[in-house]
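The next block holds one structure in the form of structure tokens; read it before the comments.
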Amino acid sequence: MSQRQIGIVSDSHGRIDTIERMVKQAPEVVCWIHAGDYCEDAEVLAAYAGVPVYAVRGNNDLYTYQEPDCRDVVVDGVIITVIHGHQWYDNRMEKLAELGKKHQASLVVFGHTHCQLLEKKGKIIIVNPGSLSLPRDGKTGTYAVGTIDNSTLAGVQLCKL
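Going letter by letter, the sequence shown gives residues 580 to 740 in the working numbering.
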């Protein structure tokens, strides 16, 4: 099995132009994960990228009932747990690590803070891709790309538009 890339995005907040730019920068992605705010953008992303998109609801997605608050995505046997992250403010990283352990995930994806983060807790990698359209840690929209190699999460790279 060859290497496969997964795109990771959050907090696009309706900025379709940033979605188009992101897809052009990451043409090898086999699927995208959208960690909420706005789930509707995930539909545009799927149409534009032509690959599956897996989304969860964020705190601004109150009327998007078809998407779950938390979900597992399995790519080549690698379990990825996705949640927006607004559910917790205190001890967020510990709770994300616990969630990943409970779901037997290699990767936990969250959003909400609009700041990129990449951290390892035990055997679990936790990533926040930041915000595609309203970053709080710079002027440029951000996302991430994960690499799966031989059914193993080989790494995650933080990216900027």
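Note that CB positions come from ideal geometry on N, CA and C, so glycine has one too.
Measure the C-alpha to C-alpha separation of residue i and residue j and round it to an integer number of angstroms.
{"i": "Glu-646", "j": "His-613", "result": "11 Å"}
{"i": "Leu-641", "j": "Tyr-617", "result": "10 Å"}
{"i": "Cys-738", "j": "Ala-723", "result": "5 Å"}
{"i": "Val-632", "j": "Lys-700", "result": "26 Å"}
{"i": "Glu-619", "j": "Lys-702", "result": "32 Å"}
{"i": "Glu-622", "j": "Arg-600", "result": "16 Å"}
{"i": "Leu-696", "j": "Asn-639", "result": "21 Å"}
{"i": "Asn-707", "j": "Val-608", "result": "18 Å"}
{"i": "Leu-711", "j": "Thr-692", "result": "12 Å"}
{"i": "Gln-584", "j": "Val-654", "result": "10 Å"}
{"i": "Ile-595", "j": "Gly-656", "result": "31 Å"}
{"i": "Gly-615", "j": "Ser-581", "result": "29 Å"}
{"i": "Lys-603", "j": "Ser-591", "result": "16 Å"}
{"i": "Val-635", "j": "Val-688", "result": "10 Å"}
{"i": "His-682", "j": "Leu-740", "result": "31 Å"}
{"i": "Asp-716", "j": "Leu-686", "result": "22 Å"}
{"i": "Leu-675", "j": "Pro-714", "result": "21 Å"}
{"i": "His-663", "j": "Gly-709", "result": "11 Å"}
Please name the residue in the options whose C-alpha comes closest to that of residue i.
{"i": "Cys-694", "options": "Cys-649, Lys-718 and Arg-600", "result": "Lys-718"}
{"i": "Ile-659", "options": "Ser-730, Asp-596 and Asp-590", "result": "Ser-730"}
{"i": "Cys-649", "options": "Leu-732, Leu-678, Ser-581 and Leu-711", "result": "Leu-678"}
{"i": "Met-672", "options": "Pro-714, Ser-591, Asp-655 and Gly-690", "result": "Gly-690"}
{"i": "Cys-610", "options": "Ser-710, Val-687, Leu-711 and Thr-726", "result": "Thr-726"}
{"i": "Ile-704", "options": "Leu-711, Asp-716 and Val-661", "result": "Val-661"}
{"i": "Val-735", "options": "His-592, Glu-698 and Lys-603", "result": "Glu-698"}
{"i": "Gly-586", "options": "Arg-636, Pro-714 and Val-652", "result": "Val-652"}
{"i": "Val-588", "options": "Asp-728, Pro-714, Leu-686 and Thr-721", "result": "Thr-721"}
{"i": "Leu-732", "options": "Ala-676, Ala-684 and Thr-597", "result": "Ala-684"}
For chain D, is any of its Cβ atoms less than 8 Å away from the one on residue i?
{"i": "Gly-690", "result": "Of the chains in the structure shown, none is chain D; there is only one protein chain."}
Looking at the strands, I want to know which residues DSSP matches up with residue i.
{"i": "Gly-567", "result": "Any property of residue 567 remains undetermined from this structure, which presents the chain solely from 580 to 740."}
{"i": "Leu-737", "result": "Ala-723"}
{"i": "Thr-731", "result": "Asp-728"}
- Do the region 667-674 and the region 620-635 meet, that is, are 3 or more Cβ pairs less than 8 Å apart? No: fewer than three Cβ pairs fall under 8 Å.
- Please go through the region 601-645 and give each complete beta strand (DSSP E) segment of 3 or more residues, from N-terminal end onward. Complete beta strand (DSSP E) runs here, min 3: 608-613 and 632-634.
- Return the chain-ordered ranges of every beta strand (DSSP E) run that is complete within the region 685-722 and spans a minimum of 3 residues. Runs of the beta strand (DSSP E) inside the region 685-722: 686-688, 695-700 and 703-708.
- Message: Give the list of continuous alpha helix (DSSP H) stretches no shorter than 4 residues that lie fully inside the region 652-688.
- Response: DSSP runs (the alpha helix (DSSP H)) wholly in the region 652-688: 671-681.
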